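Protein sequences appear in the order of chains H and P. Note that the working numbering has the first sequence beginning at 2, numbered continuously upward. Note that the working numbering has the second sequence beginning at 2, numbered continuously upward.
2 protein chains.
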Amino acid sequence: MGDHVFVRACRGLEVPYTPIWMMRQAGRYLPEYMEIRRSVSGFLELCKTPGLAARVTVQPVERLGVDAAILFSDILVPVEAMGVHLEFREGEGPKLTYTLESLKDVDALRVPHPATTMDFVLETVRRVKEAMGGQVPLIGFSGAPFTLASYILEGGGSRHYLKTKTLMYRQPRVWHALMEKLTDTVVAYLKAQVEAGADAVQLFDSWVGALSPTDFRKYVAPYTRRIVQEVKATGVPFILFGTDTATLLDDLAAMGADVVGVDWRIELEDAVRILQGRASVQGNLDPCGLFMPKEALEKKVETILEQGRQARGHIFNLGHGILPQTDPDMAKFLVDTVHRLSKR
Amino acid sequence: MGDHVFVRACRGLEVPYTPIWMMRQAGRYLPEYMEIRRSVSGFLELCKTPGLAARVTVQPVERLGVDAAILFSDILVPVEAMGVHLEFREGEGPKLTYTLESLKDVDALRVPHPATTMDFVLETVRRVKEAMGGQVPLIGFSGAPFTLASYILEGGGSRHYLKTKTLMYRQPRVWHALMEKLTDTVVAYLKAQVEAGADAVQLFDSWVGALSPTDFRKYVAPYTRRIVQEVKATGVPFILFGTDTATLLDDLAAMGADVVGVDWRIELEDAVRILQGRASVQGNLDPCGLFMPKEALEKKVETILEQGRQARGHIFNLGHGILPQTDPDMAKFLVDTVHRLSKR
Chain H
2 MGDHVFVRAC RGLEVPYTPI WMMRQAGRYL PEYMEIRRSV SGFLELCKTP GLAARVTVQP
62 VERLGVDAAI LFSDILVPVE AMGVHLEFRE GEGPKLTYTL ESLKDVDALR VPHPATTMDF
122 VLETVRRVKE AMGGQVPLIG FSGAPFTLAS YILEGGGSRH YLKTKTLMYR QPRVWHALME
182 KLTDTVVAYL KAQVEAGADA VQLFDSWVGA LSPTDFRKYV APYTRRIVQE VKATGVPFIL
242 FGTDTATLLD DLAAMGADVV GVDWRIELED AVRILQGRAS VQGNLDPCGL FMPKEALEKK
302 VETILEQGRQ ARGHIFNLGH GILPQTDPDM AKFLVDTVHR LSKR
Chain P
2 MGDHVFVRAC RGLEVPYTPI WMMRQAGRYL PEYMEIRRSV SGFLELCKTP GLAARVTVQP
62 VERLGVDAAI LFSDILVPVE AMGVHLEFRE GEGPKLTYTL ESLKDVDALR VPHPATTMDF
122 VLETVRRVKE AMGGQVPLIG FSGAPFTLAS YILEGGGSRH YLKTKTLMYR QPRVWHALME
182 KLTDTVVAYL KAQVEAGADA VQLFDSWVGA LSPTDFRKYV APYTRRIVQE VKATGVPFIL
242 FGTDTATLLD DLAAMGADVV GVDWRIELED AVRILQGRAS VQGNLDPCGL FMPKEALEKK
302 VETILEQGRQ ARGHIFNLGH GILPQTDPDM AKFLVDTVHR LSKR
């Protein structure tokens, strides 16, 4: 896979065109996904059924012609494997149940052995690789420690991250113990995905943009850096992604990842300037951009591609997950447009 | 009021100490607020009862010793006066009901005359001024057109602003007509507050940070600029505030406001650098900072004050509204600490 356009762009090598994939590309906007989704009782069950998870992973590759597949799974899978009760209720976000108030509560969490507690993920990886027969690379992924910690502490999504930040500020020893344990978990989990066949990995620190740069450096950066270092030793490209990270970008660029993903809040040329060649850039179309008229979207793509050409390498993507309301034909139009306009 | 420390800091004049107030300082974290809140049937009723709204406006001045009062009201008041049905259900955010799909739907909205449709606000301003007897300045406010438009179009708060952005992208004429009408409304509303006695105004474009800089310039900036210009003609200081605006800050600084407010995602020294003396800065403690141990909070305040000294002028504030879970004694500690550490 080392010569595939996606992997080459991650490494900053010359490419014949700009590769594209989309976060949540295997998802609810695709009728063929919804058909399989309806055949199981819940979202988590789909994640845990390798035959089906592998099929939905491959669907966007077939329909859209994206340049990479991303494992169909959820960022919270490793948290459940650690011993936190996790539930997805229809039409709601995830609900997590775990009381974490002291070091004892951190000690009670497991560092799960991926091959025993999360083998359904590894089996999905193996099946996707088999099904795709080397057509495009497969990206494995995990939630990052800060984002996972926030879900555990808040019990779900959050607006203010008050419980998370309160633990950080008032019980730093407990915070750091939790982050250590999450880091160990994420490292083992990502390495296992690579061993099972993942050609690249993305670390989703989706909500890290809720932190000030000072707090990021103090409470999060050491763990992110360790994950990048230990997982990069496997030899596959490492993508580090978060939303709302304009003010953290200089710090994120220093984590050692091959690629840093950014959202649309920052102009891609500014992101490229801040990265200073330390990493390739991934992004950054607003998912709402797929609701533009085609001519406007085409212009927007042109601008993003032009700005991306200044980067060490550019992987086209959305700034966040594709929205369930998206017309699959517009997603296909985007992929085709990126390929057409970026051809060298 | 021209010589009050708060007004002087807005204007970039020398001050004996750094003034402080807090967004949502009249609110649920204060037991004396909750007592009055329980005496009425709903939040909107409290906004619409000048005697009570004036009393809760003054409460934080009395308890905390802040350097400015801010009118107790809601950013959506002008939207209701335009003809949009507005409701606050207990424990939920605002729910708005208005179908806006065409120019006709924009035409059907009123540009309300503040003295007739929003006199309860103006009466509150008059009563607060009378009650405070010139003790501290009173800040009037309004939601900004983009933020108000998003509430109308989404029917409440939103995560992705998909309906808002879809209207922007697909029906720009309808979008601009709506923004024109909101701008006319906001200008008249803020001017009326100043005539009633407000000593400064703040424009809350709370959710404008959801836009890319390019979209901000195209779809929002002209309206913001017009509001600033027309309201500044009254002679009172103008504060422009939004959350998550790090990448918009250079554009916001160009709007002509006396003060630009920022949240904690950007280090204050970076905000000051971007403002380049075009405006004073307001901010930027994370509201979760009030849950730090006192020594840590004191250090944080020291850092913010130090960075604020590089600004044309600095008004200490939170990066967003004070949280309902906040201990009022910590709020008081913050005010005292800012005053003590900033004394020249």
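Glycine included, C-beta positions come from ideal geometry on N, C-alpha and C. A quick note: this is a predicted structure, and the numbers were derived from the prediction, not measured.
Option in the options with minimal Cα separation from residue i
| i | options | result |
| --- | --- | --- |
| P:E296 | P:Q308, P:M331, P:T327 and P:P325 | P:M331 |
| P:W265 | P:G236, P:S281 and P:I305 | P:I305 |
| H:T100 | H:E231, H:I153 and H:Y30 | H:I153 |
| H:R171 | P:I21, P:L298, P:M133 and P:A10 | P:L298 |
| P:F142 | P:R25, P:L168 and P:V67 | P:R25 |
| P:Q326 | P:V237, P:L31 and P:H86 | P:L31 |
| P:L97 | P:L104, P:V85, P:V107 and P:S103 | P:V85 |
| H:P51 | H:P146, H:L276, H:S281 and H:L123 | H:L123 |
| P:E303 | P:L14, P:L53, P:L335 and P:V129 | P:L335 |
| H:H340 | H:T125, H:V67, H:P61 and H:D245 | H:V67 |
CB of residue i within 9 Å of CB of residue j, strictly
| i | j | result |
| --- | --- | --- |
| P:A247 | P:D271 | yes |
| P:F242 | P:D206 | yes |
| P:G314 | P:R12 | yes |
| H:P95 | H:L183 | no |
| H:R345 | H:V137 | no |
| H:P173 | H:Y224 | no |
| H:G198 | H:L139 | yes |
| P:M180 | P:A150 | yes |
| P:G284 | P:G322 | no |
| H:S281 | H:A10 | yes |
| P:L204 | P:A116 | no |
| P:P294 | P:L324 | no |
| P:T215 | H:E307 | no |
| P:V175 | P:E102 | yes |
Spatial distance of residue i from residue j (CA atoms)
| i | j | result |
| --- | --- | --- |
| H:R39 | P:K233 | 57 Å |
| P:I316 | P:V6 | 9 Å |
| P:P113 | P:R279 | 33 Å |
| H:K164 | P:D251 | 33 Å |
| H:L65 | H:Y34 | 13 Å |
| H:T19 | H:E46 | 35 Å |
| P:V202 | H:G157 | 37 Å |
| P:A55 | H:A189 | 58 Å |
| H:L77 | H:M256 | 22 Å |
| H:F292 | P:D106 | 21 Å |
| P:V59 | P:F73 | 9 Å |
| P:K301 | P:A69 | 22 Å |
| H:S159 | P:A178 | 35 Å |
| P:K130 | H:T167 | 37 Å |
| H:D259 | H:P329 | 30 Å |
| P:T118 | P:A82 | 6 Å |
| P:E88 | P:C48 | 12 Å |
| H:V126 | H:F147 | 25 Å |
Interface flag, residue i vs chain H, CB-CB below 9 Å
| i | result |
| --- | --- |
| P:F205 | no |
| P:D106 | no |
| P:P346 | Outside the modelled stretch of chain P, which goes from 2 to 345, sits residue 346 of chain P, for which no answer is possible. |
| P:T148 | no |
| P:A332 | no |
| P:I76 | no |
| P:D216 | yes |
| P:Y220 | no |
| P:K130 | no |
| P:L324 | yes |
Within-9 Å CB hit, residue i to chain P
| i | result |
| --- | --- |
| H:S213 | yes |
| H:A247 | yes |
| H:M293 | yes |
| H:H340 | no |
| H:I267 | yes |
| H:A297 | yes |
| H:R279 | no |
| H:H315 | no |
| H:P329 | no |
| H:K166 | yes |
| H:R171 | yes |
| H:A309 | It is Gly, not Ala, that sits at residue 309 of chain H in the sequence shown. H:G309 does not count as touching chain P. |
Neighbouring residues, chain B, relative to residue i (Cβ below 7 Å)
| i | result |
| --- | --- |
| H:L53 | No chain B is part of this structure, whose protein chains are labelled H and P. |
Minimum length 3: unbroken beta strand (DSSP E) runs contained in the region 72-118 of chain H: For the beta strand (DSSP E) assignment, the uninterrupted runs of no fewer than 3 residues enclosed by the region 72-118 of chain H are, from N- to C-terminal side, 86-89 and 95-98.
Segments assigned beta strand (DSSP E), at least 3 residues, entirely inside the region 297-345 of chain H: 315-319
Ignoring anything shorter than 3 residues, give me the beta strand (DSSP E) runs that lie fully in the region 245-283 of chain P, in order along the chain. 260-262
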